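Be aware that the sequence shown starts at 79, since it is given in the working numbering, and climbs by one per residue. Idealized CB from N, CA, C, for every residue including glycine. Everything numeric in this text was worked out from a predicted model, so none of it was measured. What follows is one structure encoded as structure tokens, with my remarks underneath.
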Amino acid sequence: MQRTVYSKPRQSLGQNFLIDENIARNIIRDFRLHPEDVVVEIGPGRGALTSQLAGRVRHLVLVEIDGRIVGELQKEFSSPQITIVNQDFLDVDLKKWQERYHKKLRIIGNIPYHLTSPILFKAFEERAAIRDVMIMVQREVARRIVARPGTKEYGILSVAARFYGEPKVLFSVSPNCFYPKPKVTSTLVHIELHERLPAGANPELFRTVVRTVFGKRRKTLRNGLKYLPYEETVVQRIMQTVDLSLDKRPEQLTTDQFVDLTNQIERIVA
Numbered sequence: 079m080q081r082t083v084y085s086k087p088r089q090s091l092g093q094n095f096l097i098d099e100n101i102a103r104n105i106i107r108d109f110r111l112h113p114e115d116v117v118v119e120i121g122p123g124r125g126a127l128t129s130q131l132a133g134r135v136r137h138l139v140l141v142e143i144d145g146r147i148v149g150e151l152q153k154e155f156s157s158p159q160i161t162i163v164n165q166d167f168l169d170v171d172l173k174k175w176q177e178r179y180h181k182k183l184r185i186i187g188n189i190p191y192h193l194t195s196p197i198l199f200k201a202f203e204e205r206a207a208i209r210d211v212m213i214m215v216q217r218e219v220a221r222r223i224v225a226r227p228g229t230k231e232y233g234i235l236s237v238a239a240r241f242y243g244e245p246k247v248l249f250s251v252s253p254n255c256f257y258p259k260p261k262v263t264s265t266l267v268h269i270e271l272h273e274r275l276p277a278g279a280n281p282e283l284f285r286t287v288v289r290t291v292f293g294k295r296r297k298t299l300r301n302g303l304k305y306l307p308y309e310e311t312v313v314q315r316i317m318q319t320v321d322l323s324l325d326k327r328p329e330q331l332t333t334d335q336f337v338d339l340t341n342q343i344e345r346i347v348a
């Protein structure tokens, strides 16, 4: 049977198609599939991962923003166990798919690198519908995701990844395994999402606290906390009350310390 001829990648969509079948096999090997899994693939492109997923899971949802590629995927992967959705992943209602199959979703994809943070934060925010996430990202971003306190890579993404799950770097992939070749080395990252968030943690306030203090990364907590969205008298009360050295910089705090700081702030402003 003649294989589908796929359209050229669009730079405007950040498309760098995975074309190495060995790498695709290794990715799916490390994904550890189960026949009852419901998998959502972001940006299947030319189907390198899709070919390895098809027929091995209960249902496969392919989310592709490029209408040209949707038609090509429909020719290549026509099956009752595969649904192709022509939509931006950031707009997909993941809860709908989780409820349809009464199963937490597994997210996988070779994604546009400029969308790494939006995609991860969507997964974090919709974690009730998701079991885990495995994505290909730029190597430097992978280092940020798993960075430890006190390192230059440590930041909002590092703190959030450990708040919502267990991040792990699996392996790096050469630019030669993609078409067109990206100008950077890629790295596969897996995040197993927590069933439950840290005790008492308010996710919305946690995000606000982390983003606020990292927004003033070079400043101490004493200076960074001034920018919290509260009246000046409330902010002063927070800084006078919290049981944490305000001379520390945000990159020195662990995720657990951010959780503790958030919980203290919530009690103070209640």
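List the residues that DSSP assigns as beta-bridge partners of Lys246.
His268
Could you check which residue in Ile223, Val251, Gly149 and Lys86 has the C-alpha nearest to that of Asp98?
The candidate whose alpha carbon is nearest that of Asp98 is Val251.
Are the beta-carbon atoms of Val350 and Gln216 separated by less than 9 Å?
Nothing about residue 350 can be read from this structure; the chain reaches only from 79 to 348.
When the Cα atoms are used, what is the spatial distance from Pro276 to Asp210?
Taking the straight line from one Cα to the other gives about 17 Å.
May I ask you to report which of helix, strand or coil DSSP gives Val337?
helix
First and last residue of the uninterrupted alpha helix (DSSP H) at Glu119
Not the alpha helix (DSSP H): Glu119 falls in the beta strand (DSSP E), residues Val116 to Ile120.
Ordered list of beta strand (DSSP E) runs contained in the stretch 247 to 323, each at least 3 residues
264 to 271, all fully within the stretch 247 to 323.
Starting from the N-terminal side, write out each stretch of the beta strand (DSSP E) that is 3 residues or longer and does not extend beyond the stretch 143 to 218.
160 to 164, 183 to 188 and 208 to 216
By how many angstroms is the C-alpha of Trp175 removed from the C-alpha of Arg103?
26 Å
Check this for me: beta carbons of Val117 and Leu111, under 9 Å apart or not?
yes
Out of curiosity, what's the CA-to-CA distance linking Met79 and Pro258?
Caution is warranted here: a pLDDT of 39 is assigned to Met79, below 50, making its placement in the model unreliable, and the coordinate value is therefore given only provisionally. Straight-line Cα distance between these residues: approximately 26 Å.
Residue nearest to Glu150 in terms of C-alpha spacing, selected from Thr128, Arg134, Leu331 and Asp169:
Thr128
Can you give the beta carbon distance from Leu235 to Ser264, rounded, assuming they're within the 8 Å contact cut?
Not quite, the Cβ-Cβ distance comes to about 17 Å (not below 8 Å), so this is no contact.
Burial state of Ala348 (16 or more Cβ within 10 Å):
exposed
Taking all protein chains shown into account, do 16 or more other C-beta atoms lie within 10 angstroms of the C-beta of Phe249, making it buried, or fewer, making it exposed?
exposed
Distance CB(Phe167)-CB(Gly187) smaller than 9 Å:
Taking the C-beta atoms as reference points, Gly187 is found nearer than 9 Å to Phe167.
Would you mind sorting Asn254 into buried or exposed? The rule is 16 or more other CB atoms within 10 Å of its CB.
Taking a 10 Å sphere around the C-beta of Asn254, we find fewer than 16 other C-beta atoms and assign the residue as exposed.
Collapsed DSSP secondary structure at Val347 in the structure displayed:
helix
I'd like to confirm the pairing. Which residues does DSSP put opposite His137 in its beta bridges?
Val116
Contact between the stretch 317 to 326 and the stretch 287 to 297: three or more CB pairs below 8 Å?
no
Alpha carbon of Arg205 to alpha carbon of Glu218, nearest angstrom
25 Å
Interface flag, Tyr305 vs chain D, CB-CB below 9 Å
Among the chains of the structure shown, chain D does not appear; only one protein chain is present.
Bounding residues of the alpha helix (DSSP H) (the contiguous stretch that carries Glu99)
Glu99 to Phe109
What is the rounded straight-line gap between the Cα of Asn100 and the Cα of Arg300?
51 Å
Burial state of His137 (16 or more Cβ within 10 Å)
buried
Where Leu127 sits in the DSSP three-state scheme
helix
Per DSSP, Phe95 is paired with what?
Tyr257
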